[in-house]
Structure formats: C-alpha cells, structure tokens
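A.B. asks:
Protein chains: 2
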Amino acid sequence: MSYVKKLKCLLCGTEYDPAEVKYTCPKCGSDGILEVIYDYEEIKKHFSKESLKNNKNYTMWRYLPLLPVDDPEKIGPLKVGWTPLYTADRIRENLGMPNLWIKDDGRNPTASLKDRASAIAVAKARELGEEAITCASTGNAASSLAGAAASVGVKTYIFVPKTAPKAKIAQLLVFGATVFAVNGTYDEAFDLSIKATEVFGWYNRNTAFNPYMVEGKKTVALEIIEQMNFEVPDYVFVSVGDGCIISGVAKGYKDMFALGLIDKMPKLVAVQAEGCKPIVDAVNGDGKVKFVEPDTIADSIAVGIPRNRIMAVRDVKESGGFGITVSDEEIISAIKYLGSTQGIFAEPAGATGFAGMLKALKKGKISKNDKVTVIVTGNGLKDVDSAIRAGGNPIIIDPEISEVKKILR
Amino acid sequence: MSYVKKLKCLLCGTEYDPAEVKYTCPKCGSDGILEVIYDYEEIKKHFSKESLKNNKNYTMWRYLPLLPVDDPEKIGPLKVGWTPLYTADRIRENLGMPNLWIKDDGRNPTASLKDRASAIAVAKARELGEEAITCASTGNAASSLAGAAASVGVKTYIFVPKTAPKAKIAQLLVFGATVFAVNGTYDEAFDLSIKATEVFGWYNRNTAFNPYMVEGKKTVALEIIEQMNFEVPDYVFVSVGDGCIISGVAKGYKDMFALGLIDKMPKLVAVQAEGCKPIVDAVNGDGKVKFVEPDTIADSIAVGIPRNRIMAVRDVKESGGFGITVSDEEIISAIKYLGSTQGIFAEPAGATGFAGMLKALKKGKISKNDKVTVIVTGNGLKDVDSAIRAGGNPIIIDPEISEVKKILR
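Chains as they are written, first to last, in our numbering: chain A, 91 to 499; chain B, 91 to 499.
This is how it looks when you write it as structure tokens:
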C-alpha cells in the first residue's frame, strides 16, 4: 500500500479517503481538484538520502514511497524518468551564468515529461481493474498514455485537437490507440473526454481531473533535487499550459522539504507564449485567470482554459516566483540556441522555459550568478516543422567537391 | 591513456601503432579497415563484474577501459547509452517466446544507436585537436554527430542524401551543422565526404573509414551482456546497412569473451530489406558482396555499397548466424506491432531487426524457446511518414459525444 493519507480539495479543503473519490471534489465540481496528502512520518522510515544512495532503480520509481501506487506489480515496463540534468557548460560560458542546469525530459520513452504522469495513470487504472483509459491532450499526454498503456495491454481512447503535430498523432496510432482528432481546440477535446468518461465508463487520465497526474510529474523535481545533490536552485523555469507540470515541480520540492531533505523552496517561474498567457497574467496580476483563445506555435502549451490554473497560480505565488512571456520568435530562437550550443533538441513548448530564462536574464528579473534550473519538457522530433523553422534549410548540391568549395568560399 | 595496443588491417593483417594511422590501412586503401586491438590482460586489472557492480556511471562510458579514448576529459556531456533492455512480456506471451529481449536504442540523445559512435568520434577529434568533423550519413550518424559536436563546440560539415527524412535533416540544422543535401545516394555522399576530408582537412567520422566507430557501437552489446546478467542469447538480430553496427555487436561480445566474462558467442543475424540486401546475399552465399541500387522504405539501411561489408560478413559467418530479408510491408507491420504491443516506437530500420526475427520464427530458422535479443536501432519520431503508414489515420469528429457514440457503435 502507498503512503497516501487523504485526497484534499483545493477549494473547500474537504479531505477524502482515496477509496471514496476518483476524480475531483464531489462538492466543488471540476475546479475542486484533489491534492494528494502523504504520511511523511511513515515515509521517513523508508526513504532517505541513504536509501536513495543504495537504490539501483534509475527510473522515476526510485521514489516509490512518495508515489500514490498501492500495488507496485501494476507498474508498466517502460523506463520512465532519470533523464539527464546537464550542467550545460557551453551555455554557462556563453551567458556568463556559472550556476545553470538544464533537465532534458525529452529523453523519456515517448519523448516528453508527460510519460511520468501516464506511468502513474496506467498503474492506477490497473489497480482499479479498468479496461480502458481515455484522455484529452494537446498531444504529448496522449502519446505518453498510449505508449504506456500499449506496454501492458490496456486500451486507450484519445481526444486531440485535429491540429496536433503529425508526429504526436503518428505516435498515438502506432501505439494502437483509438484516436479522435477533434475539429476544435484542446479545450473542447478536454470537455469531450470528460463526457466520454461518464458515458463509456473509461478511466480518465486528464490533467487536473485525475488527482494523481501531479504526483507523476513531481518526479522530475525529485530527480533534479537528487541530481543537484540536494542543493536547491534560486529559480526553476517551467513552460506552462494547463499548469500541471509546474504544480508537479512545486509538489516535488514540497515533499522533499516535508521530509527534511532540503532546507528551502525554489522560486518557480511560469513561462508562457505571448499568444497564450492566462497563467502568467494571473500570477503577475490579481491571481484570477481569464480564458483566452490560444495563438502560439508552442502547441503543447496552447491552452486557453488552463485546467490546473488555481493550483498553478497558488504554487508560483507561494514560491515567490513570477510569470514571464516569450514570443514565438523567441521560442524558435531558443530551440536553435539549445540545439547548437548544447546538443539538446527541444520542441517549441520544450524550449519555452529556456526562452523565458533568457528573457528574464535580459530584463534583469534574475541575475547571472543566480542558481537556475530550466526544464525542457519535450523533444524536438515531436514537431519537425517548427524545428525546420528554427534550423533553416540545408544546402542542396550535386555530389561534386567543386560545389562544396564554391559554397565554403 | 587507453588500453589500445594496435590497429590491425582487416585485409593484410598489418598492425599499426594508433599514432601512425588515422583511418584505413595505407597499403590496402579504403577496404583495409583497421580493427582496434586491446591489451586485455591490462584491462582485466581494471574491469570485472565486480567493478561494474560498483560503477554508478550509467552511460556507455561505464565501459571506458574497453574504449579507445586516451583522455576521458575530452568526452562530451550528452548522456549516451544504458538504454532499456526490455523483457517484452506482452510480445513473449503473444508469440509464445519466453526468452525474448528487446534493446530500445532509440532512447539515446539524438534518438538512435549512432550516438554511441559519434560520442567516440567527438572525443577522438578533441584529443587530436581537430576543429571540425565531417561525415556522410543516411541521417542518423549525421544527426548524432551534429548533436555531440554541438555540445562541445566543434563544427560539423555533413553530407546526406537529399532524400533523408525531414526529421533527421531538421536535427542537423538545429544542432548548427553545415548540411550539404546531396543530389544523389548515400553512397555518393560518402565518397564526397572522403574527398572533403582530403581537401579541407576535417576529421572524418565515416563508418568503416574511421576505425573507432565500431568501438562506440559495441557498447550496445556490452550493455546487453550486463543487462542480461552475463547470459548470452542464442541469437542477436540486427538490421544492417553498412554493416558497422553488427560488427560492433560482434566486437562487444568478443571483448567480453576475451575478458572471460561470458563463455560463448551468440549467433548474429543480419536483417536487410528485400530491396537492399547485399550483405544478406553474401552471408547466405559465397561471402562476396555485390553492390545494388537500394530500394526500401528503411532509409537508414538503404546502403547499396556497404562500407563495412568484409568485416560484417566475416562476423556473421564466424558467429554461425545467418542473413534474412524482410519486405517493406513486413517492416511497416513490425513498427505497428512493436508500438501497439510493447510501447516501443521504432523507425523503419529500427524495426527491421524485429521484422527479421518474426520472419525467422515463421520460417523455422529459430525456434520459440531460443534465447533471442533484438536491437531496435532508432526511434520512430525520426520518420513520421512511415509511422503514419504503419499506424493509419485518426478518426476526425466534431466535438460532440454523439459522434463518438456513432463511431464506437
């Protein structure tokens, strides 16, 4: 059994036994997202710096005592997590930032951070004996779910906006999901998948609906903490769509703080595209999120109605962090910079956190000596058209050395 | 310093001091590929099952004593290797093969096995003080080289056939390589890159020209050996283009055998596409390779003039293995099978080894109880068009639950 004590409503604070409620708070409805409360005193008996040192499981499951899985046998086989944290020496030198780290979470099985949440979803679905899982997604959550579910033989029904990048849809289809490409936005796909859960009884993995997804995503922070040898950076930069990843990062640090393994919290910086910045506006303003029509190249964070908005805004504000926006051009330029300077290939939303860090540095919101960690959330192979926009075009030549000479002259 | 004793010509057997020769045998020319000979007695003093057990470096560099790098400080930062070896339980059950393992090498930094060789190339180039590296590639060797070189600030000049998949070219450009897309085949690009090395003095990473590439690729076998707890399978299935990966696999097993850490060699099975099968024909015939015009969807192994042909044919024959071909349709169907059954997403050449295993099973060349390891060499995100051919199309609907009901009825 896990060390989960209660599920607690973000809005009304009511606490539920995990066996009582499956998704959001029955009293508060869809905004009443449930937070997972652990028995840290019990966890301390099984989890410490020492236990981590001896733990040879280099996946997200090395943090099992901090995860809401009751039956570890229900965990799927894909190797999720323990992605590289780079000291990014060339970028450090180039920017004059001696304390910069980059976490490349595009190295997960289906090439995005979302694999961490989907691994939990699949384990929970199997614990509950569910035969099918559904989710709505801008693409990555879906492809991660489809991959994880395929690896254990669970069916998936996926709702994505028709405009999702081809690569993400290709992943879904190869993983054998039933894919509904919705004539509409991610937000419409989200509502449709909730209805489908009611009608067909499928288990639902949606972000900010299923209470366990933040728990999966927090493992990225748990890893960063361990990989930084329990040193806490001043800032962590995260791209934000629904706001579930940044709340996951907050939760990871909170867990480690509650266990006494770190002595402070980092400031969280929410980065969004200029064409879709409801969370940033709320964080920097009165905390209220106004819905928008998304307009950005960064499809993974093109979310006009951020489902985890209340928790995300709270987490950034509580941390003392801030929000910042970047243009699509700045995102594209960050893709090229990360790739050509450090060999890290990010999709647009994956490079958005880094673009935000560059912007914050330029604007003096952070300084060169600050300790800064940036999370890259997805691999550039997920969106080749944007990569080509970032990278430019090859030089087409006939197979003659004279042609090479001509070009290089 | 490394434990490399000599470089030995595959054809004439002449042994050279590594400082004497950079690429192929001066006497034999381009077919005189040099093999790297180690001082195993010396290696034994520093490398054992025990030393591996205590080694916390979970990358290909955990095998440093078996690698030709003289100055470990010249190793780049990208985390290459220690990719998952899956027991593939659902495929085991589905095929009734209780002893099947799948190595997913698409989990490397630039999403292919070639990262292993490029990591060595970049370390060697830096040892030699080279300022630029060139290579010809069907795509993956190039993108891996460009990524690894970007991470340490070394320039790259890349020659690829113009027909290389868009995703691979996008990677190159984002990594900041100078990319020559050649109006011609991989084979023409190869020759052009050799000329460019002569003319411009760039360090050359070409497969079967640079003697150290097999050494990088062998780490996939070293990992498989350790991940299988030093048990040797009956067969290892590998897709074959130039023949450098399969020789790398052979070398990895030979190294471990020479060190007394395994007690036999596996049979190596070379898998090629029906439309490009020079190595398979040679292995199953008189050993002589006849050049062909490649015609296959599996671009990474569309190699009509396999540069490592002599070594590859020797290695497969010596191992007691065989060659087998698969149709493009079988490759496409293997992509879907791997994805939907196990959550492993492979590009066409990545799934070719597995397609060959299915074919060999069907034909009775191997039996269900044999111990079989299959290497997946590259990720499906590298070639989305082929993935869509494998996966089919999504179902386009308006965001109405009635539409979902209609489809599922």
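Glycine included, each C-beta is placed from N, C-alpha and C at the ideal position.
Alpha carbon to alpha carbon, what distance is there between A:Ile284 and A:Cys118?
C.D. replies: Near 16 angstroms, if we compare the C-alpha coordinates of A:Ile284 and A:Cys118.
A.B. asks: Can you check whether the CB of B:Val406 is closer than 8 angstroms to the CB of B:Ile336?
C.D. replies: For B:Ile336 and B:Val406, yes; Cβs fall inside 8 angstroms.
A.B. asks: Whose C-beta lies closer than 6 angstroms to the C-beta of B:Glu163 among residues of the same chain, with five residues either side of it excluded?
C.D. replies: Cβ neighbours of B:Glu163 beyond the five flanking positions: none.
A.B. asks: In the DSSP assignment, the beta strand (DSSP E) including A:Pro251 goes from what residue to what residue?
C.D. replies: Element bounds for A:Pro251: 245-251.
A.B. asks: Starting from A:Leu190 and walking both ways along the beta strand (DSSP E), at which residues does that stretch end?
C.D. replies: Segment 190-194, the beta strand (DSSP E) holding A:Leu190.
A.B. asks: Quick one: residues in its chain with C-beta nearer than 6 angstroms to the C-beta of A:Phe280, no 5 flanking neighbours on either side, listed in chain order?
C.D. replies: So the qualifying residues of the chain are Ala226.
A.B. asks: Please go through the same chain and pick out, in chain order, the residues whose beta-carbon is closer than 7 angstroms to the beta-carbon of B:Ala254, but skip the five residues on each side of it.
C.D. replies: Correct list, in chain order: Thr228, Gly229, Asp389.
A.B. asks: Does the beta carbon of A:Ile491 sit closer than 8 angstroms to a beta carbon anywhere in chain B?
C.D. replies: True, the Cβ-Cβ gap to chain B drops below 8 angstroms.
A.B. asks: Give a yes or no on whether 8 angstroms exceeds the smallest Cβ distance from B:Arg216 to chain A.
C.D. replies: No - not a single Cβ of chain A is within 8 angstroms of the one on B:Arg216.
A.B. asks: How far does the beta strand (DSSP E) with A:Thr415 in it reach, from first residue to last?
C.D. replies: First-last of the beta strand (DSSP E) with A:Thr415: 412-416.
A.B. asks: DSSP three-state label for B:Lys426, please.
C.D. replies: Three-state result, B:Lys426: helix.
A.B. asks: For chain A, check one thing: does any of its Cβ atoms lie closer than 8 angstroms to the Cβ of B:Ser227?
C.D. replies: Chain A, which has no Cβ nearer than 8 angstroms to the Cβ of B:Ser227, makes this no.
A.B. asks: Contact defined as beta carbons within less than 8 angstroms: I believe B:Ala363 pairs with B:Ile421. What is the distance between those atoms, to the nearest angstrom?
C.D. replies: About 7 angstroms; that satisfies the 8 angstroms criterion.
A.B. asks: For B:Lys96, which of helix, strand or coil comes out of DSSP?
C.D. replies: If DSSP states are grouped into helix, strand and coil, B:Lys96 belongs with the strands.
A.B. asks: Could you spell out where the alpha helix (DSSP H) holding A:Trp125 opens and where it closes?
C.D. replies: As written in the sequence, residue 125 of chain A is Glu, which differs from the Trp given in the question. Counting along the chain, A:Glu125 falls outside any alpha helix (DSSP H), though it belongs to the beta strand (DSSP E) covering 124-128.
A.B. asks: Excluding five sequence neighbours on each side, which residues of the same chain lie with their C-beta closer than 8 angstroms to the C-beta of B:Ala271?
C.D. replies: Only Val250, Pro251, Lys252, Ala254, Ile259 meet the Cβ criterion.
A.B. asks: Please confirm if the stretch 320-336 of chain A is in contact with the stretch 453-472 of chain A, defined as three or more CB-CB distances below 8 angstroms between the two stretches.
C.D. replies: Cβ pair count under 8 angstroms is three or more, so yes.
A.B. asks: Under 9 angstroms Cβ-Cβ, which residues of chain B neighbour A:Ile478?
C.D. replies: Here the neighbours are Lys256, Ile259, Ala260, Leu263, Val264.
A.B. asks: Just checking: is the beta-carbon of B:Val272 within a distance shorter than 8 angstroms of some beta-carbon in chain A?
C.D. replies: Closer than 8 angstroms: yes.
A.B. asks: I'd like the list of long-range same chain contacts for B:Ile181, defined as Cβ closer than 7 angstroms, with 5 residues on each side in sequence excluded.
C.D. replies: Hits under 7 angstroms: Leu190, Thr431, Gln432.
A.B. asks: By the criterion of Cβ-Cβ separation under 8 angstroms, what are the contact partners of A:Asp488 in chain B?
C.D. replies: What A:Asp488 touches in chain B: Val272, Asn273, Gly274.
A.B. asks: Cutting at 6 angstroms between CB atoms, please list the residues of its own chain near B:Met346, excluding the five before and the five after it.
C.D. replies: Excluding sequence neighbours, B:Met346 sits near Ile315, Ile352.
A.B. asks: Pop quiz: A:Ile210 and A:Pro167 are said to be a contact at Cβ under 8 angstroms. What is the actual Cβ separation, rounded to whole angstroms?
C.D. replies: With a Cβ gap of about 15 angstroms, A:Ile210 and A:Pro167 do not count as contacting.
A.B. asks: Can you find the residues in the same chain that come closer than 8 angstroms, C-beta to C-beta, to A:Glu220, ignoring five residues on each side of it along the sequence?
C.D. replies: For A:Glu220, where only same-chain residues beyond five positions count, the Cβ hits under 8 angstroms are Val244, Trp292, Tyr293.
A.B. asks: What three-state label does DSSP hand B:Gly342 in the structure shown?
C.D. replies: It is helical.
A.B. asks: How is the alpha helix (DSSP H) around B:Ala441 delimited, first residue to last?
C.D. replies: Element bounds for B:Ala441: 438-452.
A.B. asks: Of all the CB atoms in chain A, is at least one closer than 8 angstroms to the CB of B:Gln317?
C.D. replies: For B:Gln317, the answer is no, since every Cβ of chain A falls outside 8 angstroms of its Cβ.
A.B. asks: Hey, out of B:Ala340, B:Cys366, B:Arg404, whose CA is closest to B:Gly377's CA?
C.D. replies: That would be B:Arg404, whose Cα lies nearest to the Cα of B:Gly377.
A.B. asks: Among A:Leu218, A:Gly338, A:Lys426, which residue has its Cα nearest to the Cα of A:Asn469?
C.D. replies: Minimum Cα distance to A:Asn469 is reached at A:Lys426.
A.B. asks: Distance cutoff 8 angstroms, beta carbons only. Does B:Lys204 sit that close to anything in chain A?
C.D. replies: False, the Cβ-Cβ gap to chain A never drops below 8 angstroms.
A.B. asks: Which residues, taken in chain order from the stretch 226-247 of chain B, show a beta carbon closer than 7 angstroms to some beta carbon of chain A?
C.D. replies: Listed by position along the chain: Gly237, Ala238, Ala240, Ser241, Gly243.
A.B. asks: Assess contact between the stretch 443-454 of chain A and the stretch 234-243 of chain B, defined as three or more Cβ pairs (one per stretch) separated by less than 8 angstroms. Is contact present?
C.D. replies: With the cut-off at 8 angstroms, the stretch 443-454 of chain A and the stretch 234-243 of chain B do not touch.
A.B. asks: Does B:Phe444 have its Cβ less than 8 angstroms from a Cβ in chain A?
C.D. replies: No, B:Phe444 does not count as interfacial toward chain A.
A.B. asks: If I'm right that A:Leu156 touches A:Gln317 with Cβ under 8 angstroms, what's the distance once you round it to whole angstroms?
C.D. replies: About 16 angstroms separates the two Cβ atoms, so there is no contact after all.
A.B. asks: What residues of chain A sit near B:Pro162, judged by a beta carbon separation below 8 angstroms?
C.D. replies: By Cβ distance, chain A contributes nothing, its closest Cβ being about 15 angstroms from B:Pro162, past 8 angstroms.
A.B. asks: Run through chain A and tell me which residues come within less than 7 angstroms of B:Pro174, C-beta to C-beta.
C.D. replies: In chain order: Lys169.
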